[in-house]
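Note sheet for the following structure.
Residue numbers (my numbering): 1 to 488.
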């Protein structure tokens, strides 16, 4: 019975000592690539092309990304890799890449938002058991030591066997290999071999030899029960894991949505602040533009007034020069005229003496009156020039000028004394009026202003209330101030 108990305990301990799945170098690299891809995707909003990539290693990922992502990848690669990941299970692998790694300094805040995606993708990985050469060698060495110890136990007595049985079972438990269902079946086969060897060593006890087939039958039944229990437990764990997976995924999705909502809210606030600032700047610029337009209009009016004043001053200067020239000519003519000669004095006559009472005193002869000097000639009047002008174009320039009235083309008459500035009005001619009233917008509005100039219906006469002003510049006459007219 003790031998049966020892065999059963060894089987149970071997099954229970199956090690959990560990992390290999390939799986660590795969998790790193998943984390790097998610980090780059969140760090740059314009890296949507990464969703189509399926890299197998970091070098493969680096060869497919753009310069912006290569720059962001430098901070990711600057974080050191842990050295003890060979002893990790899947839970610790997920915990490291979704939480611990993103606490490292140097990573961008936007890139850290990829934690939920990394957790989801790394959790979906399949972590296989490690099959390194070092572990195989250690397993073989332990098996050899166990076999040597079993051979030494054969020479001992039954009491020594019973005392060494717990130690042998403990050694067998220490030498259990890590593997799946196939490895467990191999271990059970080895235990059966050990049981057979023990039976051969105890041939000197006839009672135990006769019951060997009973032991084998019980062992087979136990192995079947254990296998059934293992499969049942794995199915139960799988179903419970599938039940927890949707809850975990939903929690991760809610976390991702919450983080995305916070990022979207922050971006909307920044956009609203920027938009408000730009609207304020646009309002200021519009106010400045309005102010500059008012100043420009004021300067334009001042310039027109100055041009009109300049033309008037030029006219006055020309008149003054003409008057001065006329005065000079009159003075020169007066200086060149001969002066009147004075009357010659009469010679004194000698009279014979006579009695005073009989002779009357002689009266002196009257002196001739001096002739008046010729007065200076009056200054000649200024000569006015009359010019007949055509319509005014959109640049404020009269399109033609004639010395005489040209019916069909002349609309305005301009009077000037110096040829540089003058005043103009609409020609007082019924034919001109009739033709101008047919097309008032083209014929009159360029050089005239007034009320209802675009409503000439029933009107036959054009009256100039105040003449306009024009100057001669660049070989043509240009409007400075429009004439004011009305219809009758």
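Heads up, the beta-carbon is just placed ideally off N, CA and C, and yes, glycines get one too.
Predicted, not measured: the structure shown is a model, and the values here were computed from it.
- Item | Three-way DSSP call (helix, strand, coil) for residue 463 in this model | In the chain shown, counting from the first residue as 1, residue 463 sits at position 463. In the displayed model, residue 463 falls within a strand according to three-state DSSP.
- Could you check if residue 72 is buried or exposed, using at least 16 other CB atoms within 10 Å of its CB as the buried criterion? In the chain shown, the residue the question calls residue 72 occupies position 72. Residue 72 comes out buried.
- Taking DSSP as the reference, what is the three-state secondary structure of residue 375? Here residue 375 corresponds to residue number 375 of the chain shown, with the count starting at 1. Summary for residue 375: the model assigns pLDDT 40, below 50, so the residue's position carries little reliability; its value from the coordinates is reported in the next sentence. DSSP places residue 375 in coil when its eight states are reduced to three.
- Just how far apart, CA to CA, sit residue 35 and residue 86? Reading the chain shown from its first residue, position 35 is the one you call residue 35. Reading the chain shown from its first residue, position 86 is the one you call residue 86. Spanning the two alpha carbons is a distance of roughly 18 Å.
- Item | Residue closest to residue 445, alpha-carbon to alpha-carbon, out of 231, 434, 413 and 484 | Locating residue 445 in the chain shown gives position 445, counting from the first residue. Residue 484 is the option with its Cα nearest to residue 445.
- Message: Just verifying my parser: in three-state terms, what is the DSSP assignment at residue 280?
- Response: For the purposes of this step, residue 280 is taken as residue 280 along the chain shown, with counting starting at 1. Annotated three-state conformation of residue 280 is helix, per DSSP.
- Check the DSSP bridge columns for residue 473 and list the partner residues they point to. Translated into the one-based positions of the chain shown, residue 473 becomes position 473. Looking at the DSSP assignment, residue 473 forms a beta bridge with 476.
- Message: Going by DSSP, what residue range makes up the alpha helix (DSSP H) through residue 42?
- Response: Position 42 of the chain shown, counted from the first residue, corresponds to residue 42. For residue 42, the enclosing alpha helix (DSSP H) begins and ends at 25–43.
- residue 469 to residue 328, Cα distance in whole Å? Within the chain shown, numbered from 1, the residue matching residue 469 stands at position 469. Within the chain shown, numbered from 1, the residue matching residue 328 stands at position 328. When rounded, the distance between both Cα atoms is 32 Å.
- Proximity below 8 Å, CB of residue 63 to CB of residue 33: The residue labelled residue 63 in the question sits at position 63 within the chain shown. The residue labelled residue 33 in the question sits at position 33 within the chain shown. Taking 8 Å as the cut-off, the Cβ atoms of residue 63 and residue 33 do not count as close.
- Span of the alpha helix (DSSP H) holding residue 431? Along the chain shown, one-based indexing puts residue 431 at 431. Note, residue 431: alpha helix (DSSP H), 430–438.
- Excluding five sequence neighbours on each side, which residues of the same chain lie with their C-beta closer than 6 Å to the C-beta of residue 111? As a working note, residue 111 is residue 111 in the chain shown. Closer than 6 Å at Cβ, skipping near neighbours: 39, 42 and 43.
- Could you tell me the distance, in whole angstroms, from the CA atom of residue 403 to the CA atom of residue 299? Locating residue 403 in the chain shown gives position 403, where the first residue counts as 1. Locating residue 299 in the chain shown gives position 299, where the first residue counts as 1. Rounded to whole angstroms, the separation of the alpha carbons of residue 299 and residue 403 is 35 Å.
- Of all the beta strand (DSSP E) runs that stay within the bounds of the stretch 64–115, which reach a length of 3 or more residues? Taking only runs of at least 3 residues, no beta strand (DSSP E) segment lies wholly in the stretch 64–115.
- Task: Determine the contact status of residue 408 and residue 400, defining contact as a CB-CB distance below 8 Å.
- Result: On the chain shown, residue 408 is found 408 positions in, with the first residue counted as 1. On the chain shown, residue 400 is found 400 positions in, with the first residue counted as 1. At the C-beta level, residue 408 and residue 400 stay beyond 8 Å of one another.
- Inter-stretch contact (C-beta, 8 Å, three-pair minimum) for the stretch 87–100 and the stretch 113–122: A contact exists between the stretch 87–100 and the stretch 113–122.
- Task: For residue 55, I'd like the list of residues in its chain whose CB is within less than 8 Å of its CB, leaving aside the five on either flank, ordered along the chain.
- Result: Taking the chain shown and counting its residues from 1, the one referred to as residue 55 is at position 55. Sequence-distant Cβ neighbours of residue 55 in its own chain, meaning closer than 8 Å and more than five residues away, are 33, 37, 61 and 64.
- Message: Once DSSP output is grouped into helix, strand and coil, what is the label at residue 147?
- Response: For the purposes of this step, residue 147 is identified with residue 147 of the chain shown, where counting begins at 1. In this structure, residue 147 counts as helix in the three-state DSSP scheme.
- Message: Spatial neighbours of residue 476 within its chain, please: C-beta separation below 6 Å, excluding the five flanking residues on both sides.
- Response: Within the chain shown, the letter at position 476 stands for residue 476. Apart from sequence neighbours up to five positions away, the residues of its chain that approach residue 476 with a beta-carbon distance below 6 Å are 397, ordered along the chain.
- Message: I need the DSSP call for residue 453, collapsed to helix, strand or coil.
- Response: Within the chain shown, numbered from 1, the residue matching residue 453 stands at position 453. Residue 453 falls in the coil class under three-state DSSP.
- Item | Buried/exposed call for residue 30, threshold 16 Cβ in 10 Å | Position 30 of the chain shown, counted from the first residue, corresponds to residue 30. When all chains shown are included, residue 30 counts as buried.
- Query: Could you give the residue range of the beta strand (DSSP E) that holds residue 389?
  - Reply: To locate residue 389, count along the chain shown from 1; it is residue 389. 385–389 is the extent of the beta strand (DSSP E) around residue 389.
- Any idea if residue 437 is buried or exposed, counting beta-carbon neighbours within 10 angstroms, 16 or more meaning buried? Mapped onto the chain shown, residue 437 falls at position 437. Only buried fits residue 437, as 16 or more other CB atoms lie within 10 angstroms of its CB.
- Could you round the C-beta distance between residue 471 and residue 420 to whole angstroms and report it? I think they count as a contact, below 8 Å. The residue you call residue 471 lines up with position 471 of the chain shown. The residue you call residue 420 lines up with position 420 of the chain shown. About 6 Å separates the beta carbon of residue 471 from that of residue 420, a gap short enough to meet the 8 Å contact definition.
- Count the other C-beta atoms from every protein chain shown that fall within 10 angstroms of the C-beta of residue 228, then say buried if there are 16 or more, exposed otherwise. What you label residue 228 is simply residue 228 of the chain shown in a count that begins at 1. Label assigned to residue 228: exposed.
- Task: Take residue 252 and list the residues in its own chain whose beta-carbon comes closer than 8 Å to its own, dropping the five residues that flank it on each side.
- Result: Reading the chain shown from its first residue, position 252 is the one you call residue 252. Excluding positions up to five away in sequence, the list reads 116, 119 and 120.
- Query: Which class does residue 490 belong to by DSSP, given the choice of helix, strand or coil?
  - Reply: Nothing about residue 490 can be reported from this structure: the residues present for the chain run from 1 to 488 only.
- Message: Rounded to the nearest angstrom, what separates residue 226 and residue 24 at their Cα positions?
- Response: Locating residue 226 in the chain shown gives position 226, counting from the first residue. Locating residue 24 in the chain shown gives position 24, counting from the first residue. Counting only the Cα atoms, residue 24 lies some 29 Å from residue 226.
- Item | Other residues of its chain near residue 416: CB distance less than 6 Å, five sequence neighbours each side excluded | If you number the chain shown from 1, residue 416 lands on position 416. These residues qualify, in order along the chain: 385 and 422.
- Message: What would DSSP say about residue 127, mapped onto helix, strand or coil?
- Response: Taking the first residue of the chain shown as position 1, residue 127 is located at position 127. It is coil, neither helix nor strand.
- Task: Please state if the CB of residue 47 and the CB of residue 69 are separated by a distance shorter than 8 Å.
- Result: Residue mapping note: residue 69 aligns to position 69 of the chain shown, counting from 1. Residue mapping note: residue 47 aligns to position 47 of the chain shown, counting from 1. Result yes, Cβ atoms of residue 69 and residue 47 sit closer than 8 Å.
- Nearest to residue 460 (by Cα), restricted to the options 474, 439, 487 and 466: The residue given as residue 460 occupies position 460 in the chain shown. Measuring from the Cα of residue 460, the nearest candidate turns out to be 487.
- Item | Proximity to residue 387 [Cα-Cα], best of 123, 74, 395 and 424 | Taking the first residue of the chain shown as position 1, residue 387 is located at position 387. Checking every option, the nearest Cα to that of residue 387 belongs to 424.
- Which partner residues of residue 425 appear in the DSSP bridge assignment? Locating residue 425 in the chain shown gives position 425, where the first residue counts as 1. Answer is 413, bridged to residue 425.
- Mind checking whether residue 94 and residue 123 have CB atoms under 8 Å apart? Position 94 of the chain shown, counting from 1, holds the residue named residue 94. Position 123 of the chain shown, counting from 1, holds the residue named residue 123. The answer is yes: Cβ separation under 8 Å.
- residue 484: first and last residue of the uninterrupted beta strand (DSSP E) it sits in: In the chain shown, the residue the question calls residue 484 occupies position 484. From DSSP, the beta strand (DSSP E) with residue 484 extends over 483–487.
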